[in-house]
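Right, one structure below, let's go through it.
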Amino acid sequence: MSTAESNLPPRIRVIPPGPRSLALARRLRAVESRNVTFVSDEFPIFWRKARGSNVWDTDGNRYVDLTAGFAVAGAGHRNPRVVTALRHQLARLLHGMGDVHPPEVKVRLLERIAAISPFSDTRTILANTGSEAIEAALKTARLRTGKPGVIAFTGAYHGLTYGALAATDRDLFRVPFEDQLNPHVVRAPYPNPFRPPPEVDGTDNIGAVALAEVQRFLDGPGGDNIGCVIIEPVQGRGGDVVPPSGFLPGLAELCRARDVVLVFDEIYCGLGRTGYMFACEHEGVVPDLLCIGTALSGALPIAACLGPADILDSWPESTGEAKHTSTFLGNPLACAAAIAALDEIERLALPARAREEGARFIGRLQVLADRHACIGEIRGRGLMIGPALVRDPATREPDAELARRLITGALRRGWRLLAGGPEGNVISLSPPLTISRALLDSSVRMLDELFGEASAGSSSAAG
Ligand SMILES: Cc1ncc(COP(=O)(O)O)c(C=O)c1O
Numbered sequence: 002m003s004t005a006e007s008n009l010p011p012r013i014r015v016i017p018p019g020p021r022s023l024a025l026a027r028r029l030r031a032v033e034s035r036n037v038t039f040v041s042d043e044f045p046i047f048w049r050k051a052r053g054s055n056v057w058d059t060d061g062n063r064y065v066d067l068t069a070g071f072a073v074a075g076a077g078h079r080n081p082r083v084v085t086a087l088r089h090q091l092a093r094l095l096h097g098m099g100d101v102h103p104p105e106v107k108v109r110l111l112e113r114i115a116a117i118s119p120f121s122d123t124r125t126i127l128a129n130t131g132s133e134a135i136e137a138a139l140k141t142a143r144l145r146t147g148k149p150g151v152i153a154f155t156g157a158y159h160g161l162t163y164g165a166l167a168a169t170d171r172d173l174f175r176v177p178f179e180d181q182l183n184p185h186v187v188r189a190p191y192p193n194p195f196r197p198p199p200e201v202d203g204t205d206n207i208g209a210v211a212l213a214e215v216q217r218f219l220d221g222p223g224g225d226n227i228g229c230v231i232i233e234p235v236q237g238r239g240g241d242v243v244p245p246s247g248f249l250p251g252l253a254e255l256c257r258a259r260d261v262v263l264v265f266d267e268i269y270c271g272l273g274r275t276g277y278m279f280a281c282e283h284e285g286v287v288p289d290l291l292c293i294g295t296a297l298s299g300a301l302p303i304a305a306c307l308g309p310a311d312i313l314d315s316w317p318e319s320t321g322e323a324k325h326t327s328t329f330l331g332n333p334l335a336c337a338a339a340i341a342a343l344d345e346i347e348r349l350a351l352p353a354r355a356r357e358e359g360a361r362f363i364g365r366l367q368v369l370a371d372r373h374a375c376i377g378e379i380r381g382r383g384l385m386i387g388p389a390l391v392r393d394p395a396t397r398e399p400d401a402e403l404a405r406r407l408i409t410g411a412l413r414r415g416w417r418l419l420a421g422g423p424e425g426n427v428i429s430l431s432p433p434l435t436i437s438r439a440l441l442d443s444s445v446r447m448l449d450e451l452f453g454e455a456s457a458g459s460s461s462a463a464g
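Residue numbering for the sequence shown follows the working numbering, starting at 2 and increasing by one per position.
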């Protein structure tokens, strides 16, 4: 497949959602729990096929997916080499017994992960979802230290299974289940330079303030009970927030000095997305445990928690019953897809591509920010970028309504976007790392037009 074939411009045949999508939405509402899929007059479109940067809906519209389907399609949707690997695997074995008689392909994937890992003697626990990889990390930290306490951060998203949810910071997800969550989790402020906590005045070093808060937890009452610090080196669903430089090394230092396990959740930001294979490489920090997911297979559900043997060996040797496993652990199809996706990330030098194209894209978006007052900030790293929309640049009050309108407007023009950030005011841009420069440039023009229309709309409404 040529680059051009996998990077086609949008083509809208019928205003989305078209009649087929609307009909499917009605059928879906009749059979799926109403909590799952958001259905309105404007959402959703139903995907029919995808390739590279493009997704087609059931009404024949072709979109450019600026989200890579939740950052999954890092090496492009339906990457041909991933498809070939899946075909080979399909012809041989679909299911193995992950922790009893494992499929051979599981060994090859674990070796492949060890080859890219930042640790020298890597051990890995495979998982089916990102949340499960986080569970594995939290359990490993507990076994290693014997301490139940966890420090997590404001704005964090680590998944929605109970262990992960306790570390996630979003009332929407937590409040209904609060009384069943691990009570040993405390929350330190994630250093978000754009939204400093109220007690930080403009002259304070926000990274130092956040570190001081972590230190207060570690050294204060109950600090002896804390065995784990879990953090996203760049926050994803929290709104593409990059911590100030020096913060992650400082955090690592605090943890090392106290024998606290530092977990980096790179499920969203890892595997090339921010411009290096792992986001922690920007600051040369190696955590104790690293969780990866989304782009790991680019297609099938698989994730992993990895670390050095010294830490993973906190788990006892299996004597026939694994203490932590699941029926589909090391599923052969997912393993085969993951090996091919990792090969593609390396073969196409996607981390370097994310670094170069991301820097250029951020530069072009910055020009938009200078032109449109509703863009409070362009934040992000590599091809993980989030324009944060505000009602007023002075107060920085988030404008989720504008983000919603923009996302709908973009969809109608054939561009898939997602809202991010706790307030839903960030336009999360995480395109496939294989996206062409031409498409990134046209997306800037599309956003420019939409922002222009939005300001014309609001000034005429004001007038
Ligand atoms: C940083 C991070 N951690 C964990 C998860 C949870 O992964 P999953 O949805 O596969 O359970 C996500 C999902 O978006 C994520 O972005």
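Note that beta-carbon positions come from the ideal geometry of N, C-alpha and C, so glycine has one too.
Note that this is a predicted model, so its numbers are computed, not measured.
- Item | Cα-Cα separation, V427 to S34 | Roughly 27 Å separates the two Cα atoms.
- Where does the unbroken beta strand (DSSP E) through E378 begin, and where does it stop? Per DSSP, E378 is one residue of the beta strand (DSSP E) stretching across I376 to R382.
- Alpha-carbon spacing of G464 relative to E454, whole angstroms: Residue placement at G464 cannot be trusted, given a pLDDT of 36 that sits under 50; what the coordinates show is reported in the next sentence. The straight-line gap from Cα to Cα measures roughly 15 Å.
- Query: Around the C-beta of T435, are 16 or more other C-beta atoms found within 10 angstroms, so that it is buried, or is it exposed?
  - Reply: Looking at its Cβ environment, which holds 16 or more other Cβ atoms inside 10 Å, T435 is buried.
- Message: Quick check on DSSP: helix, strand or coil for C270?
- Response: Coil.
- Please state if the CB of P333 and the CB of Q90 are separated by a distance shorter than 9 Å. Result yes, Cβ atoms of Q90 and P333 sit closer than 9 Å.
- Task: Throw me the rounded Cβ distance for the R63 and R12 pair, which I believe falls under 8 Å.
- Result: Sure, about 4 Å apart at Cβ, within 8 Å.
- Could you give the distance in angstroms between the alpha-carbon of P18 and the alpha-carbon of F248? Between the alpha carbons of P18 and F248 lies a distance of about 44 Å.
- Query: When the distance is taken between beta carbons, is L297 closer than 9 Å to A339?
  - Reply: When the beta-carbon positions are compared, A339 and L297 come within less than 9 Å of each other.
- Query: Would H102 be called buried (16 or more neighbouring beta carbons within 10 Å of its own) or exposed?
  - Reply: For H102, the number of other beta carbons within 10 angstroms of its own is below 16, and it is reported as exposed.
- To the nearest angstrom, how far is it from the Cα of P309 to the Cα of D289? Near 7 Å, if we compare the C-alpha coordinates of D289 and P309.
- Task: Kindly examine ligand 3 and report whether one of its heavy atoms sits closer than 8 Å to the Cβ of C292.
- Result: Only ligand 1 can be found as ligands here, which leaves ligand 3 out of the picture.
- Item | Segments of 4+ residues assigned as alpha helix (DSSP H) that fall wholly inside the region 214-276 | Counting only runs of 4 or more residues that sit fully inside the region 214-276, the alpha helix (DSSP H) segments are 248-258, in chain order.
- Query: Since G299 contacts A342 with CB under 8 Å, what's their CB separation in whole angstroms?
  - Reply: 4 Å between Cβ atoms; contact.
- heavy atom of ligand 1 below 8 Å from S298 C-beta: Set against 8 Å, the gap from the CB of S298 to the closest heavy atom of ligand 1 is not smaller.
- Task: Ignore the nearest five residues each way along the sequence and tell me which others in A138's own chain have a CB closer than 6 Å to its CB.
- Result: Within the same chain, A138 has close Cβ partners V264, L290, C292 and C306.
- Count the other CB atoms within 10 Å of the CB of G123; is the residue buried (16 or more) or exposed (fewer)? Note that residue 123 corresponds to Thr in the displayed sequence, not to Gly. So T123 counts as buried.
- Query: With respect to 8 Å, is the separation between the Cβ of E454 and the closest non-hydrogen atom of ligand 1 below this value?
  - Reply: Every heavy atom of ligand 1 is 8 Å or more from the Cβ of E454, so no.
- Where D122 sits in the DSSP three-state scheme: Coil at D122, not helix or strand.
- Query: How far does the alpha helix (DSSP H) with F71 in it reach, from first residue to last?
  - Reply: A69 to A72 is the span of the alpha helix (DSSP H), which, as asked, contains F71.
- Check whether the Cβ of G476 lies closer than 8 Å to any heavy atom of ligand 1, and answer yes or no. This structure leaves residue 476 out entirely; the chain is present only between 2 and 464.
- What number of angstroms, rounded off, separates the C-alpha of H1 from the C-alpha of A153? Limits of the chain in this structure are 2 at one end and 464 at the other, which puts residue 1 out of reach.
- Counted within 10 angstroms of its Cβ, other Cβ atoms place L95 as buried (16 or more) or exposed: L95 is exposed by the Cβ-count criterion.
- Message: Tell me the rounded alpha-carbon separation between Y1 and V176.
- Response: Here the chain comprises residues numbered 2 to 464, so residue 1 is not present and cannot be evaluated.
- Return helix, strand or coil for V201, following the three-state DSSP convention. DSSP places V201 in coil when its eight states are reduced to three.
- Message: In whole angstroms, give me the CA-to-CA distance for I117 and M278.
- Response: In this structure, the CA atom of I117 is about 8 Å from the CA atom of M278.
- Beta-carbon gap between V230 and C270 smaller than 9 Å: Their beta carbons are not under 9 Å apart, which means V230 does not touch C270 by this criterion.
- Query: Where does I135 land, buried or exposed, given buried means 16+ other C-beta within 10 angstroms?
  - Reply: It counts as buried.
- Query: When the Cα atoms are used, what is the spatial distance from L87 to R405?
  - Reply: Annotation: L87 to R405 spans about 37 Å, alpha carbon to alpha carbon.
- Query: DSSP three-state call for L448: helix, strand or coil?
  - Reply: DSSP places L448 in helix when its eight states are reduced to three.
- Any non-hydrogen atom of ligand 1 closer than 8 Å to G237 Cβ: At least one heavy atom of ligand 1 is nearer than 8 Å to the Cβ of G237, so yes.
- Task: Determine, using beta carbons only, whether D60 and R14 come nearer to each other than 9 Å.
- Result: Cβ distance < 9 Å, so D60 and R14 count as in contact.
- Query: So, are the CB atoms of R382 and V235 less than 9 Å apart?
  - Reply: Yes; because the gap between Cβ atoms is below 9 Å, this pair is in contact.
- Message: For C281, report the span of its beta strand (DSSP E) as first-last.
- Response: Per DSSP, C281 is not a residue of any beta strand (DSSP E), being assigned neither H nor E.
- Use the C-beta contact count for L441: other C-beta atoms within 10 angstroms, 16 or more gives buried, fewer gives exposed. For L441, the number of other beta carbons within 10 angstroms of its own is at least 16, and it is reported as buried.
- Task: Write down the C-beta distance between D170 and M385 rounded to the nearest angstrom, noting that I regard them as a contact closer than 8 Å.
- Result: For D170 against M385, the beta-carbon gap comes to about 19 Å, at or over 8 Å, which does not count as contact.
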